[in-house]
Each structure stands twice: as structure tokens, then as C-alpha cells.
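Structure representation (C-alpha cells):
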């Protein structure tokens, strides 16, 4: 499992594809050569959306049945069942200490969840969410969101299967 942690881009350079570029560089990095699942814990919906695009580029055959006509995968298309079934084990096996003990929250993990969260973790990171919440509303208005609400002290949990990349050999 490859974790993308603390993917924070200064608001002044949002929409300049910096996050996309950073994720693209992981494709052939030695750390990710054997990775078959990527995960992200983030309070920003755009980061989740960028990671789903990254996963789709690495494993288009895994996502061909849910891609849009223009070959895009959207956050709304991710496999919530995969997250539901594997999140606990994936987090428990993480080498990142706070992920091992983080609490899974939302209707995927809690039977009596009534706060409209679907896939999130209680990180206890209480940060200002004005901009991420505005972006979240845009995704929801377009019907492009399935991870639920962003609650105080929580972040979204996104997990995607990918195909490991073969190293590039220069002759």
C-alpha cells in the first residue's frame, strides 16, 4: 500500500496541476514499484479527485467499466465496497503510527451513522475547512462525490487499487 500523506498545496497556486505533477512522479519512483493500492487521507476533495485520476492512469483496465465517455474516472465512481472491506486492515498495517490507531468513521464503518459522513477517519486535526468545503459543494452539485460530508477533526479516506509500474530501463 502506498500512502500519500499531507498533500497540501498553497491556495495561491491551486489549479496549477502541482498535485497532479507530484503524483505523476510517483509512477516510476522506486518506492511505488510494488504498490498495488494507493490511499489518501485528506480534507480536500480535489486531492481525492487527483488521486483517483492517478489510480485510473496506472490501472485503466481496473476502472474501464466506470470511466466516463471521455475516459475520466471521478471520485463518485470509486469502489466504496473496497474501502469498506479493506480499510481497517490497510490502516492497521501502516507504518504511520497515527494511521494504525485512527478511528474509521462514516456509514461505511458505523451502523448508526447519521452525520452524512461516508468514508472518513477521525484524525483529530482541527483545521480551517472553508476552501475545501466550498470545493466539496461544487463536486456535490455536479453529482461527482461519494465520500460524504467533511466533519470537524476528520478527513476523507480514499483507497484505490492500481497496477504496479515496471521500472523504466535506459539502454
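Residue numbers (our numbering): 1 to 171. All C-beta atoms, glycine included, are put in the ideal place defined by N, C-alpha and C. Fair warning: this is a prediction, and the values are worked out from it, not measured in the lab.
Identity of the residue in the options nearest residue i by Cα
{"i": "residue 133", "options": "37, 109, 42, 82", "result": "42"}
{"i": "residue 78", "options": "116, 127, 96, 49", "result": "49"}
{"i": "residue 145", "options": "40, 39, 45, 30", "result": "45"}
{"i": "residue 129", "options": "53, 52, 35, 152", "result": "152"}
{"i": "residue 109", "options": "95, 131, 80", "result": "80"}
{"i": "residue 140", "options": "157, 96, 116", "result": "116"}
{"i": "residue 111", "options": "143, 84, 35", "result": "84"}
{"i": "residue 96", "options": "123, 127, 142", "result": "123"}
Cβ-Cβ separation, residue j to residue i (assumed contact under 8 angstroms), whole Å
{"i": "residue 149", "j": "residue 121", "result": "Going by Cβ atoms, the distance from residue 149 to residue 121 rounds to 13 angstroms, so no, they are not a contact pair."}
{"i": "residue 260", "j": "residue 118", "result": "Here the chain covers residues 1 to 171 and nothing more, so residue 260 does not appear."}
{"i": "residue 87", "j": "residue 160", "result": "Not a contact, Cβ separation roughly 12 angstroms."}
{"i": "residue 91", "j": "residue 99", "result": "5 angstroms"}
{"i": "residue 52", "j": "residue 147", "result": "The pair is not a contact, with the Cβ atoms about 10 angstroms apart (cut-off 8 angstroms)."}
{"i": "residue 40", "j": "residue 47", "result": "6 angstroms"}
Residue(s) in a DSSP beta bridge with residue i
{"i": "residue 154", "result": "122"}
{"i": "residue 148", "result": "117"}
- Which parts of the segment 65 to 141 are runs of the alpha helix (DSSP H), unbroken and 4 residues or longer, counting only runs that do not cross its ends? 80 to 92, 97 to 101, 130 to 141
- Message: Count Cβ pairs between the segment 127 to 142 and the segment 96 to 105 that sit closer than 8 angstroms; are there 3 or more?
- Response: no
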